[in-house]
Ligand SMILES: [Zn+2]
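Residue numbers (this note's numbering): 9 to 273.
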């Protein structure tokens, strides 16, 4: 190459480099960075995204100290979420606002018990409807449960980042103590990393009804949402009554991703 020209074999090699280079760029663009607090193995990671693990045996999860809860000492969260909850609840207390965690991590098996009991009519829905004696299509049944409850494998409560505070009715947060608690959260929760995923649907948000009690630790849950969107497919959603309805009701697009836009990656 004394005269500055490439030999034909060198030329082929450099063309190949360009092709491979482009292909690699495309792969990198489509890949979500995996943080060190999640499994690097994609199968293990999908299990975590879908709640298919035992949080009592997971090294990254801790029990919330009972005084931050309704008295139940068994609530589990990812360590970072638990630290942030404790800081926030302490801060609220200084302002005269009492926040009590009433639900935290629920894994796939627990969610499958809740979903199955509602599907079979062993448990009444929060609006008083019992699906055991209802004659409706499976997708109508699923949509009824989905007003407030997730399909197993699609719940943010699988992640160790999401909690429910104080009461499970929006009306509780509309007056008196409940209103003061909600106003405090709206003003201060973001400072501790917490956001309400299921806000009013007036602005066009899809999915679950508003839940003023449900708050999510964004520093972790944003990444989990991003990975869920990239890695979980409808074929993965299985193993409970009505699972085959998931694509028909757009369980991923409308529900998993039907969020307050501050929580959309
Ligand atoms: Zn919740």
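Cβ coordinates follow ideal geometry from the N, Cα and C atoms, glycine included.
Burial state of residue i, where buried means 16 or more other Cβ atoms lie within 10 Å
i, result
"residue 29", "Any reading at residue 29 must be qualified, since the residue scores a pLDDT of 49, below 50, and its modelled position is unreliable; the value itself is stated next. When all chains shown are included, residue 29 counts as exposed."
"residue 211", "exposed"
"residue 74", "exposed"
"residue 52", "exposed"
"residue 170", "buried"
"residue 204", "buried"
"residue 172", "buried"
"residue 136", "exposed"
Rounded straight-line distance, which links the Cα of residue j to that of residue i
i, j, result
"residue 142", "residue 88", "43 Å"
"residue 267", "residue 215", "8 Å"
"residue 81", "residue 114", "14 Å"
"residue 253", "residue 103", "46 Å"
"residue 31", "residue 223", "For residue 31, the predicted structure reports a pLDDT of 48, less than 50, and the residue's modelled location is therefore unreliable. A value from the coordinates is still provided. So the two alpha carbons sit approximately 40 Å from each other."
"residue 33", "residue 127", "For residue 33, the predicted model reports a pLDDT of 45, less than 50, meaning its position is unreliable; a value from the coordinates is still stated below. Cα-Cα distance, rounded: 46 Å."
"residue 196", "residue 78", "21 Å"
"residue 59", "residue 188", "33 Å"
C-beta contact flag for residue i and residue j at 8 Å
i, j, result
"residue 100", "residue 192", "yes"
"residue 218", "residue 209", "yes"
"residue 147", "residue 256", "yes"
"residue 85", "residue 72", "yes"
"residue 76", "residue 109", "yes"
"residue 40", "residue 235", "yes"
"residue 158", "residue 263", "yes"
Rounded Cβ spacing between residue i and residue j (contact assumed at less than 8 Å)
i, j, result
"residue 248", "residue 120", "5 Å"
"residue 174", "residue 221", "6 Å"
"residue 202", "residue 225", "6 Å"
* Asked: Can you list the beta strand (DSSP E) stretches of 3 or more residues lying completely in the region 204–247, in chain order?
  -> 222–225
* Starting from the N-terminal side, write out each stretch of the alpha helix (DSSP H) that is 4 residues or longer and does not extend beyond the region 116–160. => 116–127, 146–153
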